[in-house]
Amino acid sequence: MSDEPQTRTETQTLAPHTPSPTSSGAVPRPKAPVWLTRLLMVGLVLAALNLRPAITSLGALLEEVREGLHMSGGVAGVLTSVPPLCFAIFGITAPRLARRFGPGAIVLAGMAAITAGLVVRPFTGGTAAFLAASALALMGIAVSNVLMPVIVKRYFPDRVGTMTGLYSMALALGTSLAAAATVPLTDALGGDWRTGLAVWAVLGVLAIAAWLPLVRDRGRGATHAPEAEEKEAPAPRITRSRTAWALGCFFGLQATGAYITMGWMPQIFRDAGVSAGTAGVLLAVTMVMGVPLAFVIPKLATRMKNQGPIVVALGLCGLSGYAGLHFAPAAGAWAWALLLGVSNCAFPLALTMIGMRSRTSGGVVRLSAFAQSVGYLISIPGPILVGTLYEHSGGWETPLALMAGLMVPQMIVGVIAGRDRTIEDEA
Numbered sequence: 003m004s005d006e007p008q009t010r011t012e013t014q015t016l017a018p019h020t021p022s023p024t025s026s027g028a029v030p031r032p033k034a035p036v037w038l039t040r041l042l043m044v045g046l047v048l049a050a051l052n053l054r055p056a057i058t059s060l061g062a063l064l065e066e067v068r069e070g071l072h073m074s075g076g077v078a079g080v081l082t083s084v085p086p087l088c089f090a091i092f093g094i095t096a097p098r099l100a101r102r103f104g105p106g107a108i109v110l111a112g113m114a115a116i117t118a119g120l121v122v123r124p125f126t127g128g129t130a131a132f133l134a135a136s137a138l139a140l141m142g143i144a145v146s147n148v149l150m151p152v153i154v155k156r157y158f159p160d161r162v163g164t165m166t167g168l169y170s171m172a173l174a175l176g177t178s179l180a181a182a183a184t185v186p187l188t189d190a191l192g193g194d195w196r197t198g199l200a201v202w203a204v205l206g207v208l209a210i211a212a213w214l215p216l217v218r219d220r221g222r223g224a225t226h227a228p229e230a231e232e233k234e235a236p237a238p239r240i241t242r243s244r245t246a247w248a249l250g251c252f253f254g255l256q257a258t259g260a261y262i263t264m265g266w267m268p269q270i271f272r273d274a275g276v277s278a279g280t281a282g283v284l285l286a287v288t289m290v291m292g293v294p295l296a297f298v299i300p301k302l303a304t305r306m307k308n309q310g311p312i313v314v315a316l317g318l319c320g321l322s323g324y325a326g327l328h329f330a331p332a333a334g335a336w337a338w339a340l341l342l343g344v345s346n347c348a349f350p351l352a353l354t355m356i357g358m359r360s361r362t363s364g365g366v367v368r369l370s371a372f373a374q375s376v377g378y379l380i381s382i383p384g385p386i387l388v389g390t391l392y393e394h395s396g397g398w399e400t401p402l403a404l405m406a407g408l409m410v411p412q413m414i415v416g417v418i419a420g421r422d423r424t425i426e427d428e429a
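Mapping of the sequence shown onto the working numbering: position 334 corresponds to residue 336, and the numbering continues sequentially without gaps.
Right, dumping it as structure tokens:
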């Protein structure tokens, strides 16, 4: 007898939540061991914790880094635009790498790249080397960004909202933790900004330890694609889907706002007379709002046929927050931080819609790579433009007007992306 059924069983060990077979006679997929399922959940959480500290820790110490590396405002704006550039360039490679090596192996490699970049970056000798080390860490973040929705869709297809909420909540926690703790940690470790940036590599080491058992044997690997998944019919051309383009634009506009906020919000508050430590805490408040909401919003979104109302509600919060930063940045600082934190939860909503806008995990792979790569390309000019406007205007009135203006098209394309349809419907 052929040993093909045995191989199929081994490659499907982490598909514990796949729906029951249909009447077509498909072979039921065996249930994964409980410890393996739990380890995958832990791995998702630890990976998500690593997806933003490389960025928000830098935002909290941006002024010190600028002085230490002798950066101009324009160069600092370029530095805040490196994340979306790397996400766009490297994220598009994730589907091919995942098909070749398995998504788990690529996530593990991504965690290793993040850890190496965080260790090397602070101790480089100049701006160019600092950017290169940052790009290494961001490359790891890019491929992991794309593959998170894919892993959720593939191994937890009946719990997309819950699992997306879980790792989105962990992502928000890592974001806010780095924003709030970087300055105090730097002070506690001797006041050197280099040590304050490097310390976040510890999270990467923990993530590597969790993912190593999952990919220790690619032939039996917990995260290798099930054979049945590889035989799915090809998804329609993403570039012909209006939903995919709308989702890419929505992702790009929300990313623009998020990276401007992470890169520049502490500076806005410091220029308004707020201390550096308090400005870091305010950024943390903005980010920490995503911890509970990143769990609630995906679950709510999966229960709605149309996610447009959530898009509009988040956009209005963003408009209110930017208006407050313009008229009373210091007096209402905590309120504006809260409102912008709610607005930034467009990110977990976008991730959830990626998982909902295709019927198959293969379609989600393509849609995730397309929407995130297009989106991050769209977001690249934003932080650079804000830095340039800030440097030449000498204030925040014009940059804040730009940020508020971008919320309007974000709501429009978000409503289109939130319609109850899939990319397969548009084939």
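All C-beta atoms, glycine included, are put in the ideal place defined by N, C-alpha and C.
Sequence-distant residues of its chain with Cβ nearer than 6 Å to residue 144 (five each side left out): Residue 144 sits at position 142 when you count from the first residue of the sequence shown. The answer, listed in chain order, is 88, 89, 92 and 93.
Cβ-based neighbour list, residue 309, same chain, cut-off 7 Å, excluding 5 preceding and 5 following: On the sequence shown, position 307 is the one that residue 309 refers to. Excluding positions up to five away in sequence, the list reads 303, 351, 355 and 420.
Cβ-based burial, residue 347 [other Cβ within 10 Å; buried from 16]: Your numbering for residue 347 matches position 345 in the sequence shown. Answer is buried; the Cβ neighbour count reaches 16.
Residue 173 versus residue 291 - alpha carbon distance: Here residue 173 is taken as the residue at index 171 of the sequence shown, counted from 1. Here residue 291 is taken as the residue at index 289 of the sequence shown, counted from 1. Looking at the two C-alpha atoms, the distance is approximately 11 Å.
Distance between beta carbons of residue 180 and residue 55, contact taken as under 8 Å: Position 53 of the sequence shown, counted from the start, is the residue given in the question as residue 55. Position 178 of the sequence shown, counted from the start, is the residue given in the question as residue 180. Confirmed, Cβ separation roughly 4 Å.
For residue 399 and residue 393, the rounded distance between their alpha carbons: The residue given as residue 393 occupies position 391 in the sequence shown. The residue given as residue 399 occupies position 397 in the sequence shown. In a straight line, the C-alpha of residue 393 is about 12 Å away from that of residue 399.
Proximity below 8 Å, CB of residue 248 to CB of residue 415: Translated into the one-based positions of the sequence shown, residue 248 becomes position 246. Translated into the one-based positions of the sequence shown, residue 415 becomes position 413. In this structure, residue 415 lies closer than 8 Å to residue 248 by Cβ.
Residue 338 in three-state terms, based on DSSP: On the sequence shown, position 336 is the one that residue 338 refers to. DSSP places residue 338 in helix when its eight states are reduced to three.
Alpha-carbon to alpha-carbon, residue 65 and residue 127: Locating residue 127 in the sequence shown gives position 125, counting from the first residue. Locating residue 65 in the sequence shown gives position 63, counting from the first residue. Those two C-alpha atoms are separated by around 17 Å.
Which listed residue (282, 353, 311 and 318) has its alpha carbon closest to that of residue 336: Within the sequence shown, the letter at position 334 stands for residue 336. That would be 282, whose Cα lies nearest to the Cα of residue 336.
Closest residue to residue 61 among 98, 108 and 198 (Cα-Cα distance): For the purposes of this step, residue 61 is identified with residue 59 of the sequence shown, where counting begins at 1. When only C-alpha atoms are compared, the closest one is 198.
Contact set for residue 321: own chain, Cβ-Cβ below 7 Å, skip 5 residues either direction: Counted from its first residue, the sequence shown places residue 321 at position 319. Hits under 7 Å: 406 and 409.
Assigned exposure category for residue 275 - 16 Cβ within 10 Å defines buried: Against the sequence shown, residue 275 aligns to sequence position 273. It counts as exposed.
Continuous alpha helix (DSSP H) stretch holding residue 186: start and end: The sequence position of residue 186 within the sequence shown is 184, counting from 1. Element bounds for residue 186: 162 to 190.
Neighbour-count burial assignment, residue 288, 16 or more Cβ in a 10 Å radius: Here the question's residue 288 lines up with position 286 in the sequence shown. The residue is buried, with at least 16 neighbouring Cβ atoms inside 10 Å.
Host alpha helix (DSSP H) of residue 394 (start-end): To locate residue 394, count along the sequence shown from 1; it is residue 392. Here the alpha helix (DSSP H) through residue 394 covers 383 to 395.
Straight-line Cα distance separating residue 250 from residue 132: The residue labelled residue 132 in the question sits at position 130 within the sequence shown. The residue labelled residue 250 in the question sits at position 248 within the sequence shown. Using only the alpha carbons, I get a separation of about 29 Å.
Option in 241, 323 and 373 with minimal Cα separation from residue 96: Stepping through the sequence shown from its first residue, residue 96 is reached at position 94. The shortest Cα separation from residue 96 among 241, 323 and 373 belongs to 373.
Sub-8 Å separation of residue 209 and residue 325 beta-carbons: Position 207 of the sequence shown, counting from 1, holds the residue named residue 209. Position 323 of the sequence shown, counting from 1, holds the residue named residue 325. No, these two residues do not count as a Cβ contact at 8 Å.
Element boundaries [alpha helix (DSSP H), containing residue 281]: Position 279 of the sequence shown holds residue 281. Note, residue 281: alpha helix (DSSP H), 278 to 290.
Simplified DSSP state of residue 273, which is helix, strand or coil: Working through the sequence shown from its first residue, we reach residue 273 at position 271. Note: residue 273 maps to helix in three-state DSSP.
Within 8 Å, strictly: CB atoms of residue 367 and residue 109: For the purposes of this step, residue 367 is identified with residue 365 of the sequence shown, where counting begins at 1. For the purposes of this step, residue 109 is identified with residue 107 of the sequence shown, where counting begins at 1. Contact: no.
Minimum C-alpha distance to residue 112 - residue among 123, 253, 150 and 58: Along the sequence shown, read from residue 1 onward, the residue named residue 112 stands at position 110. For the residues 123, 253, 150 and 58, the minimum Cα distance to residue 112 belongs to 150.
Residue 316 and residue 202 closer than 8 Å at C-beta: Counting from one through the sequence shown, the residue named residue 316 turns up at place 314. Counting from one through the sequence shown, the residue named residue 202 turns up at place 200. Contact flag unset, no.
Nearest-angstrom beta carbon gap, residue 200 and residue 124 [assumed within contact, 8 Å]: Translated into positions along the sequence shown, residue 124 becomes position 122. Translated into positions along the sequence shown, residue 200 becomes position 198. At roughly 5 Å, the Cβ-Cβ gap stays under 8 Å, so residue 124 and residue 200 are in contact.
Neighbourhood of residue 363 by C-beta, 7 Å cutoff - its chain only, sequence neighbours within 5 removed: Within the sequence shown, the letter at position 361 stands for residue 363. The answer, listed in chain order, is 152, 155, 156 and 231.
Outcome for residue 329 when other beta-carbon atoms lying within 10 angstroms are tallied against a minimum of 16: Mapped onto the sequence shown, residue 329 falls at position 327. It counts as exposed.
Residue 412 versus 391, 390 and 380, residue with shortest Cα-Cα distance: Here residue 412 refers to the residue found at position 410 of the sequence shown. Looking at the Cα atoms, 380 is the closest of the given residues.
Beta-carbon proximity of residue 45 to residue 213, cut-off 8 Å: For the purposes of this step, residue 45 is identified with residue 43 of the sequence shown, where counting begins at 1. For the purposes of this step, residue 213 is identified with residue 211 of the sequence shown, where counting begins at 1. Yes, they are a contact pair.
Beta-carbon proximity of residue 389 to residue 78, cut-off 8 Å: As a position in the sequence shown, residue 389 is number 387, starting the count at 1. As a position in the sequence shown, residue 78 is number 76, starting the count at 1. Yes, the Cβ-Cβ distance between residue 389 and residue 78 is below 8 Å.
Check: residue 364 C-beta below 7 Å from any heavy atom of the ligand HEM: Of ligands this structure carries none, so the ligand HEM is not represented either.
Rounded C-alpha distance that separates residue 327 from residue 402: Here residue 327 corresponds to residue number 325 of the sequence shown, with the count starting at 1. Here residue 402 corresponds to residue number 400 of the sequence shown, with the count starting at 1. Taking the straight line joining both Cα atoms gives about 8 Å.
Endpoints, the alpha helix (DSSP H) within which residue 98 is located: Taking the first residue of the sequence shown as 1, we reach residue 98 at position 96. Residues 96 to 103.
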